[in-house]
Every structure is written in structure tokens, then in C-alpha cells.
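Here the structure is laid out as C-alpha cells; the discussion comes afterwards.
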Amino acid sequence: EYGGHLGLQISRTVVVGGGFVRLAGGATGSAEGVGAEVAVPADCWLAFLNWLPDNDNVGRIGLGADAGVVTVAGFTAVDEIDGSVTRDAYDGAGLFLAGYVIADLQLGGRTSLFAHGGFRLAQVAELDLNGTASDYALDYSGAFIRVGLRLAIGGDPR
7 EYGGHLGLQI SRTVVVGGGF VRLAGGATGS AEGVGAEVAV PADCWLAFLN WLPDNDNVGR
67 IGLGADAGVV TVAGFTAVDE IDGSVTRDAY DGAGLFLAGY VIADLQLGGR TSLFAHGGFR
127 LAQVAELDLN GTASDYALDY SGAFIRVGLR LAIGGDPR
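When we follow the working numbering, the leftmost residue of the sequence shown carries the number 7, and every step to the right adds one.
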């Protein structure tokens, strides 16, 4: 996954904001002259709440939660032995929820290194196949680790 978050520190211990996360999804392969490609990346638009207890140490441990929507717009393509290509388009949306532990290490000034580790629920229970409702579903749920840099702009950097 990769993405970005923009937050507002509303107290010395609480940060709220919004973000975007891109979840990769796809594969390619071939067997006996038939090739296949599946591309089903997901975009997650979310709101977040982070709680980091106030202390005078260089590092802090806290908790975080995300809630939002996960959207999918992908395709499958199958190259048949006879040279024909079958291509299907998928799209849909579902609920995105995540809970995680936060480790925040002050690097100096207004910059810190953070790590999030937790579990996300990101399911698209009903996919449209070529514009028509289908029985297909996608599930991006599971454990995750996120690492990044945090830059505080204005106010108290902690």
C-alpha cells in the first residue's frame, strides 16, 4: 500500500484528518498457451483519528483508527490459444475500516518517523462485471504495516 494523509492536531494528544491509500492487487500468468492478467487495485478514501499520549520522551506509542470507503476499478484479460482476447471490467465500492498501534519517533524539530501496525477490513461485497451486477467480491482485509514521515506545520510539533 501507499498513500498520503493530511491531519490537524486538535490537542497535544489527538490528530484527526483524512487520507488516501492505494492497495495493490493483480497478477499475470500463463499455462499451455493461454495467458491471463488480472488488475484489481483498490483506492481507499478515509478519515482518521490518532491518539498519542503526551510525554517528554523522544518516542510515543498510541492508537489509531481509519474509516472510509474502498473503491475498485479493474479488469481481467485472457489471451486464448487462438489469439482472441477476452477482457472483462470490474468496479464496485465497500467499507474500509482499520485499527492500529502507532509508534512515533521524534527526529528533530517538527519531523517524526511513524509506524502503524494493525488490521484493516476492506471488502467490496458486490462487484459489477461489465456494468452488470455479479456474484463476485473482492477482499483486501488483513494485517498491515505502514511506515512514513510526519511533518508538523504550525502550532506545537508534539
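C-beta atoms are modelled at their ideal positions from N, C-alpha and C, and glycine is treated no differently.
Keep in mind the model is a prediction, meaning the values are calculated, not measured.
Tell whether a beta-carbon distance below 7 Å holds between residue i and residue j.
i, j, result
"A48", "L29", "yes"
"G70", "I108", "yes"
"G9", "V27", "yes"
"Q129", "G89", "no"
"G80", "D134", "no"
Bridge partners for residue i per DSSP, in chain order?
i, result
"T16", "Inspection of the sequence shows that residue 16 is occupied by Ile rather than by Thr. Per DSSP, none; premise fails for I16."
"N56", "V21, G70"
"D97", "A79, D134"
"Y8", "R28"
"I108", "G68, H122"
"L113", "DSSP lists no partner for L113."
"V44", "A33, T82"
If you draw a straight line from the alpha carbon of residue i to that of residue j, how long is it in whole angstroms?
i, j, result
"S36", "Y96", "21 Å"
"V155", "F54", "Strictly speaking, residue 155 in this sequence is Leu, with Val absent from that position. The straight-line gap from Cα to Cα measures roughly 16 Å."
"R116", "T77", "34 Å"
"A1", "N61", "Only positions 7 to 164 of the chain appear in the structure, and residue 1 is not among them; the question remains open."
"L144", "D85", "23 Å"
"D94", "G13", "38 Å"
"G24", "F102", "13 Å"
Identify, in the order they occur along the chain, each residue of the same chain with its Cβ nearer than 7 Å to the Cβ of residue i, setting aside the five sequence neighbours on each side.
i, result
"G123", "Y106, V107, I151"
"P59", "T19, R66, G68"
Less than 7 Å between CB atoms is the rule here; does residue i satisfy it with respect to chain C?
i, result
"V107", "No chain C appears in the structure shown, which is made up of a single protein chain."
For residue i, collect the residues of the same chain with a Cβ closer than 6 Å to its Cβ; drop the 5 residues on either side in sequence, then sort them by chain order.
i, result
"D110", "L58, R66, S118, F120"
"D72", "L52, F54, A104"
"Q112", "V64, S118"
"T92", "V84"
Taking all protein chains shown into account, do 16 or more other C-beta atoms lie within 10 angstroms of the C-beta of residue i, making it buried, or fewer, making it exposed?
i, result
"L157", "exposed"
"N136", "exposed"
"V5", "Lying before the first or after the last residue shown, residue 5 is absent from the chain, which here runs from 7 to 164."
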